[in-house]
Structure formats: structure tokens, C-alpha cells
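Q:
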Amino acid sequence: MSTQKLEYDAAVGGRVTLPSHVTTYHYAAEALQEIRNLVADCQETTQRSSKLIFQTLPKHMRRRAMSHHPKRLPCKYRQAHKSQMSKSGNQPVNGKRPSRKYRRRPKNLMREYVRRQRRHVWLETHIWHAKRFHMVDRWGHRLPYASCDKTYRACYRASAERCLLQDISFYGCVELRGPLNVLREGFARLTSPQCGLGITARTFLSGRREGSVEIFEDGRYPHGALQRASFMWRPRREEEEEQADHTLWLWLHPSGAQAVINQLLSVFQLKSTRQQKLPLSKENMDVDKTEPVELSKETPPGKECSKKKPEPKPLRFWTKTKAFDLQPSYSNSDGTLHLVLLQRELNRFRLTGPRAQKVLLASLRPHQEVELQDQANYCQAALQLSSPAELLSNLVMGHLVVDPRLQRPKKRTKADAKVEQPPSAGDLLVNQPKSLPESPLWSKEARERLAKGIMSTHTYDQLRQQHAVVPGAPCAFEQQMQPLPIILIQRPGSQDSRYKRLAYGCGWDVIAPAGYGMILWLTLTMWGARPGGLRELDSVARESGAEIHLPDTLAGVQKAAASADELRARYFRMPPNKRTNYRKLAVVSPFTAPWKQLVRDWRASSTPASEGSSFYVLRHRQQLEEIAESIRRRSPLPQAAPENAIIQIQLQLLSRGHVKDNALICLPTAADHKQRWRQLKHNDQAPVHVEPPQPDLNEQLRKDLRQSHKLKLKRLRSRRVREKRRLQETASKRVHIRPANTVHLVRAQLQEMCRLWLPTDPAEMRDSVRRQCSRQVFGYVSTAGFSFTEALVCAVGYVTPGGLQQLIGELPEGKGNRKQPPLMCLVRDPDSRDYRWASFQVNLNVASPAF
Amino acid sequence: MMGSNPPEHGTKPRSTRHQRQQNHRVVRKQPLRPAVSDRHNIYITSKTDFKAQQRRCEELLNSGAREIFLHCMGYSVTRGLNLALRLVQNSEGALSYAINTSTVHLVDELHPLCDAEDVTFRQRNNSALHIKIFNRSLFDIVVPQPSQSQTQTQSLGQFRGKAKARQ
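If you read the protein sequences in the order shown, they are chains A and B.
full-length UniProt numbering puts the first residue of the first sequence at 1, with every later residue one more than the last.
full-length UniProt numbering puts the first residue of the second sequence at 1, with every later residue one more than the last.
1. Using a Cβ-Cβ cut-off of less than 7 Å, give me the residues of the region 333-362 of chain A that come near chain B, in sequence order.
2. Take every Cβ of the region 592-600 of chain A, pair it with every Cβ of the region 644-655 of chain A, and state whether three or more of those distances are shorter than 8 Å.
3. Using CA atoms only, rank isn't needed, just tell me which of A257/A, P179/A, Y378/A, E175/A is closest to T336/A.
4. Taking only the alpha-carbon atoms, compute the straight-line gap between G453/A and Q480/A and give it to the nearest angstrom.
5. List, in order along the chain, the chain A residues whose C-beta lies closer than 9 Å to that of V27/B?
6. Kindly indicate which three-state DSSP category A784/A falls into: helix, strand or coil?
7. So V796/A packs on L624/A, CB below 8 Å; how close in whole Å?
8. Who are the Cβ neighbours of R568/A in its own chain at under 7 Å, not counting the five residues just before and after it?
9. Give the range of the alpha helix (DSSP H) segment to which R633/A is assigned.
10. Tell me which residue opens and which closes the beta strand (DSSP E) that E371/A is part of.
11. Compare the Cα-Cα distances from S147/A to each of G532/A, S782/A, Q84/A, R100/A and report the closest residue.
12. Please name the residues in the region 190-203 of chain A whose beta-carbon is closer than 7 Å to at least one beta-carbon of chain B, in chain order.
13. Taking the beta carbon of Y102/A as the centre, do at least 16 other beta carbons fall within 10 Å, making it buried, or is it exposed?
14. Could you tell me if T730/A is buried or exposed, where buried requires 16 or more neighbouring beta carbons within 10 angstroms of its beta carbon?
15. Using 8 Å as the threshold, is the region 132-145 of chain A in touch with the region 218-231 of chain A, meaning 3 or more CB pairs across them?
16. Taking 8 Å as the threshold (beta carbon to beta carbon), is E59/B in contact with chain A?
17. Can you pull the chain A residues whose beta carbon is under 8 Å from the beta carbon of F121/B, in chain order?
18. Using a Cβ-Cβ distance under 8 Å, would H105/B count as near chain A?
19. To the nearest whole angstrom, what separates the beta carbons of L351/A and L360/A, a pair I think is in contact under 8 Å?
20. Taking L653/A and V470/A to be in contact with their CB atoms under 8 Å, please state how far apart those CB atoms are, rounded to whole angstroms.
21. Which of helix, strand or coil does DSSP assign to V721/A?
22. Which bits of chain B does E390/A rub up against, with CB to CB less than 7 Å?
23. Taking CB distances under 8 Å as the criterion, tell me whether K47/B reaches chain A.
24. Does DSSP classify C825/A as helix, strand or coil?
25. Report all residues from its chain with a CB closer than 6 Å to the CB of S329/A; omit the five preceding and five following residues, and keep chain order.
26. Within 10 angstroms of the Cβ of W595/A, are there 16 or more other Cβ atoms? Answer buried if so, exposed if not.
27. Here's the rule: buried if 16 or more other CB atoms are within 10 angstroms of the residue's CB, otherwise exposed. What is L18/A?
28. If you compare alpha carbons, which of L680/A, D696/A, G545/A, D538/A is closest to A586/A?
29. Please list the partners that D115/B has in chain A, where partner means a Cβ-to-Cβ separation under 8 Å.
30. Under 8 Å between C-beta atoms, does E109/B make it to chain A?
31. Would you say residue 176/B faces chain A, with C-beta separation under 8 Å as the test?
32. Exposed or buried, what is D167/A when buried is set at 16 or more other beta-carbons lying within 10 Å of its beta-carbon?
33. Which runs of the beta strand (DSSP E) at least 3 residues long sit entirely within the region 335-389 of chain A? Give them in chain order.
34. What's the gap between the Cα of L265/A and the Cα of I808/A?
35. Drop a sphere of 10 angstroms on the beta-carbon of M85/A, count the other beta-carbons inside from all chains shown, and report buried for 16 or more, exposed for fewer.
36. Please list, in chain order, the chain B residues whose beta carbon lies closer than 9 Å to that of S589/A.
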């Protein structure tokens, strides 16, 4: 600090004098300079400076030939140095790839796996899937999309007749623990009784059945839908009193999980327990530090506070911060309600199809234990039925089984055990033992104990090698392997025979603790379950005439945006003469369904209201039933039908034609109905109406623009050439042509061209969606494809109530009192001019789907 | 949907339309099937195409099956009868049939519409028909079974869910 120039170290021999006083402004000025230097130094080490890394080191740390040998640098700079060197390109810093032998060493392999899991979470079955499936990045996970083999139809057959197996462990589990009335009040704000039963309905509260609710943003129903979540309550023992805490597991889809958790935190006013302020009691102050940690773990902060209150002493607090929390937990201010995110704690496998019974029966052998005997007996009896759909819908069964490794067949076989004593299904349906849903998986300690006690596959194999005298014979040590508690959840499949064949999509969900995922998975596949991926989730939903992600939920919006981007990119990758000219086809929005504009155009009152730009899917079951009833009777819709809603329907194409996603659902005119009778008479399969081609006003514009752009580029180039020649005349060395630098020009041209190719954005003009073509559009298809259950092209779409009203009003007069066939509408692909007939049905189970 | 098939008459499935005033919703379960069910037991539905069902039966019989069983219940009884008669008629005397009737006990779930209720059940009965269609070929020497009546009760009992060993 002093201004005198002195030796820097007194030990070396210099004389050090300290000044008697320091002037404040001198000191401040110097401090400022120091801070500046520090900041500059910090910035220099990042890429902002022009210096290389080794040049920024202080002199005493520099070494000879540092730029050649990264190892002469301090360790923390090496990575940056390497990347700098590789960018400059003058030195091959990236050495050879390590040998395969080195890379495959277990330690190195594991390190590599851990590194790759940092960006996307892997499931436990990841490596198995990655060898056999196309993997995609979805929702923060790396998930199997579809098998590398051609298994589309095979997976359908499996889901309809045999057993389809999917790993849906990416569904996150959230545990909520607290008094019942608090939970009930909180969820009343997030859900609506109009969508179906609430979360605290009596039928779910006993833990006997799993339920599902639609979750909305706080108080914004019917808008602001987040996602559908299934839930199960922890079964309660008889001796527990009524006031005790209830525990709830909420299974959240990862796309909207964070949003739902945020809503839960704000509704229940929960705070993270990662950083806690704990009062420092008197003993703690003088006792050594180990004690307060133990104490703080056990006592909730609320109780501590109340205990200390009578004392007059000022409270002192200490803050406890957990650096890393495997399961982040939250609790409210008085410590009654707790929320724990059970990340990677449970595996959930989905088995679909009637043979799921046989597969489960073969792979799960009940563990002999006296106290759970009736549970085991019931499970065995239930699994011997011919179809899961014969049991109580959404039944929850706890089951304690022996390690699934002991139940594997020698080769992959179909599970086809002959049943000795077929149980009476009626009794099983009506009477379940009281202890059926109980499972040790609910308690944290049991899960931890399970995770510790898993015998690794390696150990198991080694033991088998030592002990098994005859290959394949059971060994003595296998009796000592810990039993595995699992939870089986029945899924009833279709329950409305008028909508979809009964019990399509029925099956079981299996919940297994962490660590057992791969063990159970292999056993199930060995017994003939066919593994499927994300594609099969969608196709099973489409076959049952519904959708997993409704278009107003978070996941639905994400999915629509992603597919629109992909379709748009693919469209502009094609050469211009192969592109569909949507302007000529009079299609306003070819890549995505413009729900907002559709709803806007069908709104009767022309108010540009505050809710003007939003829509929602109608989930109100009673209103849906009324609408379906009035469609059946061909009577006008009830007045209550809301204007911002869209109604989910299932379409079936009657004769020919194919439908893709984002197809238009249109209103037929009277002429179309007449044409239909004429065509039926002549057995004519031609489309009922063909859209007359529209003129494309932009065609000439595009041509002109292209011409002028090319001309401009040419002119610029010739200018550069001239410039070069002029320079060459005076120069002695060879002169190179100046770089073009026309990137921004070309990019602007591309954008302009894209704008001219695509139709105008429907948001700009009113009625641009409804009256985009010669028939009025009143809905859009969201997923479509050939349905194997119906042997027809089927689609799931959404229509507006106003459009339905008009459709019913414009129907030709029916003949007498005959049975009314389903209502019909016109469907047109975005790539085609042909309108075709499709019959449709309103889906009543929007809020509680069948799959 | 049914193509060129003639319209069929029979008891229609009971509608659940008029029960909306009540505080539950009727959910029908898949009818129970006996544990032993292979390709020779055919369950007749009213939705499947009639000709497809007929072709399926004919293929089974032509491929050497000595007998097949048609099971039909409720609304599809008439359809099963039609199918059996059509098969026998088309076979020009090679096939014959035997009919058993039975009653199937069905359980419906009544799902509650308000939070305070639990799932309840409703039991109902439905009439069922089991038609055995067998080959009456002259060259096929049929060894008489110990007792004809026993097999009949067996096939009847089989549908009710008792044990039966396949012969």
C-alpha cells in the first residue's frame, strides 16, 4: 500500500517500514485499481482476450515449450488450452482415440456412461434398449422410440392379443404426505369435479384403485391445462386413527412435471428443505458440532420454535444446507405437509394385452410368507384369468415375489401355462382381501434396504457357477435371495363397447423398486412379452380412439410445435417443383392445426374478448354426454356448449382415401349429400367433392424475386472481379478476389422466399381458417392412421361446437323413425384436393382415457 | 359396416341411456372366458363381419378339425344360429350340429359419479348358446364315447369355469 519502493519480502533482507497512517482516498483509488486488474485478469483467462492461455500465466509459472506440451500447464488450464490449440488448427492436440480395449474396461466404460447421462437421463433399461431401438431425446430423457426391426404390426398384434411391454419409468413419482383435508382443499384448486372424480374420492382413498385427474393451473379451469396425472393412495391399516397423515403418489409425465410441481408448491405453500433455518438451542452452543446435525434431522423446525417460545432469550439460528439432495423434498411452514420427488426410485413397466396375464404369472412366483398369504393367493388367482379386463378396473395389487432371475426360462418362450384350477372371476371382481394393495415399497426404509440387498448379476452368476452342479437346476443359495415387492396396477382398456371394442388396451402396470428394472425386464421379455417404445404408446392410444397428450396441455403444445418445425424443414428441403403448393390447394395452415384461430372464427359473438386467443379441450363429461345425445337425436346442441372449447372426436373414413395429421374437417353442403346418394347408387368411389385449384398470386412474385436476386449476386460478383483486376494492374504480387460477404443477403432472400411459398398466417385475418376453402372448416385432425382394430383409416380430431351445431342444422330430412347412423362430415388431407366422407363419434372419456 | 348381410333380429343390448338420473355409470366388463380357449372355440360377436366369421369356421373345418364350438351370448345368439345353419347348409350334408343352452352370470361395475361413493356391482344373467359343429363324414369311424351326456355337461360346465381336461 505504501508508496515507498522496497524489497517485497522482509525475509530476504529488505527493510520494511509501515506508514503511520493511510489516506482514505489514496487507499480507495488503489483498491479500485486492484479490482480493475483482478477483473481484467479474470476476463483474460476466458476466451474474450486475444491471448492464449499459457500467455496469461504469471511469469514464474511459465515453462519452456509450454504450447507444445499441455502437461506443462497447470491442470485446470489444460482443457482450455487444448480447445484453443485445436481451433487454431496448427497442431493435432487431439490425440488418438484410446484403444477399444482401454475403452471397454469396466471402469472407463462406466465413466463414459456417467458422462453421457449428464445431458439426458437414462432409464435403467437404457443399454438394453440402445442396442435394439432407435433412441430419441424427449423430455430430458433418452428414450426408446421404436424397435430397429419392423415391428409396427407385430406390436399391434401384441397389444391386441398377446403382450406388449413398454418401459415408462420416465414418468416421475411425487410423494405427498399430509392431512386429508389440506390435500383435498389444495387439489380442489388444481382440478375440477366436472372432469370426473376428484383425487380424494372414496373409491380411490382406500388405495384399492388407481385414479387419474386432469391438473390445471391454479383456479384457471377450464383453461391452463397442464397434464393428466395418475395417482394412488397409500393403503391404511385398520389400527391407524383417522387423523393421521395420508400419503399419495402422483405419477407425472416429464413434459409438464416441473410445471405441476411448481403449482403444487405455490398452492400448498411449500418450501424446499434443502436450506433450513434451525434455531440454535442453548446446549448446542457449547457442545461440539456433531450434536446439532443429528438433532436437526429429527425435529421439524416448527416444533422447536414452539418449544423455545416461553424462554425470553433471543433466538439464534443456524442454517443447514444440503449440497446435494437425491430426492428433493419440500414442506410447508408448520411442517404438516411434505412433498418428496422420488426421482429414479421406482421403475414402471407397462404390459398391454390379454396375454400379460400369462407373462406375469410365469415370471412372478409368490414368496412364501405367512402374513401376506391371502394377498399372494389373490394375485395368483387373478393372474390365472384369461384377460386382465375381467378384474376390477384400475385395481392395485401389492405382491411379494421371489427374485425374477429365478423364474427365467432357458430360452425365450411363450408363456403358455395350462391352468389347473380356473378361478371364478366374479368372486375375484367383487371381493378383494383387505390387505391387497399393501406393499413395503411405500416406506422409504424398505426401499433403501432393498436397494442395499440386491445381489448383483455378476455375483449371482458366480454363485451359480460354484453351486449349480447340474446346469439349470435350482441352487440352495437362491432361497436366501431377498424377495422383491412389486405393485401391480390393472388397466381396464376400453370400457365403452359402442366406441371401441371392449377391453382393447387392457393390461397391467408393474411398479418395481430401483435396481430391479433390468432384472424384471429381462424376465418379462424372456417369457415372450414384446418390447415396444414411445411409438407404441401413441399407436395404442390412436387405436383406442384417443390421444395421450391433448392439444391444450403442455406436452401437446410442445409436440405440435416440434412436428410443425420438422414438417416445415422437410418441406423446404424439397426442390421447388416437388413442393405442394398450399396456396393453390387453399390450405391455410399445413404444418400445424391452428386451434386458436379456428375457435376465433367460430365464436358467435364477435367480441375481441380477453379470452380471445385461447381454447381448451372440452372435458366436462356431462356436457359431452349432452352433445353426444343431441347428435344421436339430430336435435340442436344444448345452449351450454361453450364457445372456446373444442370437442374430441374419432373419425372413420368410410370407403377410400387416407388421412394424415393436420387434415381439415369440413361441413358438407346439401349438394354433397345428394352427390353421396348418387355415388352410392352407382357404386362410385370417387371423392365427393374436389377443391377447385386456387390461383397462386405469389407465383410471379417468386419468379421476379428469384431473378432479381440472381442478378444482384451476379452484379456484386462482377464488381468484385473488376476491383480485383484494377488492383492487379498496379500490384506486383498476385491479388485474390475479395470474399463475397453476401450471407445476410442470401438469408434474407431465403426468408422472403419461404414467406412467399407458404400461405398467409391465419392469425392475421378473421375467418381465414373457417372459410379457407370451398367447404367450411370446423375442425382439424390431430393424429391419423390406419387402425387395425377397425380395419379402416381412423383419425382423432377436434371440432368446434358451433360447427357441430351447423352440421346438425343443415342435415337433410331423415326418413321416419329409423335408427340413425353416426353423423358424417367431410375430411380433406392438407396435401390433397379431394373431400371424402367420414363418420365420427364424440369421445366421452376425454378426461379418463381407456389406455 | 355389415356389407351385404341381411339385417338380423334379436334382443338388442340393453341401453344405458335412461339411467343418467342415477348417481353411477354402468361399466360393462369383458364377458368371462373359460381358461381353456383355443382356436376351436369361436366367440361370436355382432360386430365382426359375418362372412369373415363364416370363412374362419370353414377354414378350420377344412383344415381337419373334427369339431368346432361356437359360443354366442345375448344379442349375438341369432347370429351364431345363422352362422351354424349356413355352415351346415353349405357343407352339403358333411356337417352336423348340436346345441346347448346355458346362462352366463355377468357382473357390471357401477362407477360412482360423486366423490362420496364407492364402486358397486350389479349382477345380471344373460342367455348363451354353445353350438358344436362336427364332421359327419362316412369314412370317419367315430368311436362311441363312454357316455354322451357326460361330454355335454362337461362342455356346459366348462363355460361356467370348472376344470376340464382337453381330450
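C-beta: ideal position from N, C-alpha, C; glycine also.
A: In this structure, then:
1. none
2. yes
3. P179/A
4. 11 Å
5. S393, P492, Q495, D496
6. strand
7. At roughly 15 Å, the Cβ-Cβ gap does not stay under 8 Å, so V796/A and L624/A are not in contact.
8. F591
9. 621-633
10. Careful: E371/A lies outside any beta strand (DSSP E) and carries neither H nor E.
11. G532/A
12. L197, G198, T200, A201, R202, T203
13. exposed
14. exposed
15. no
16. no
17. L429, V430
18. yes
19. 7 Å
20. Their Cβ separation, rounded to whole angstroms, is 60 Å, which puts L653/A and V470/A out of contact at 8 Å.
21. helix
22. K29, Q30, L32
23. yes
24. strand
25. T273, V340
26. buried
27. exposed
28. D696/A
29. P193, L197, G198, T200, A201, R202
30. yes
31. The displayed coordinates of chain B run from 1 to 167. Any statement about residue 176/B would go beyond what the structure contains.
32. buried
33. 338-342, 346-352
34. 46 Å
35. buried
36. By Cβ distance, chain B contributes nothing, its closest Cβ being about 33 Å from S589/A, past 9 Å.
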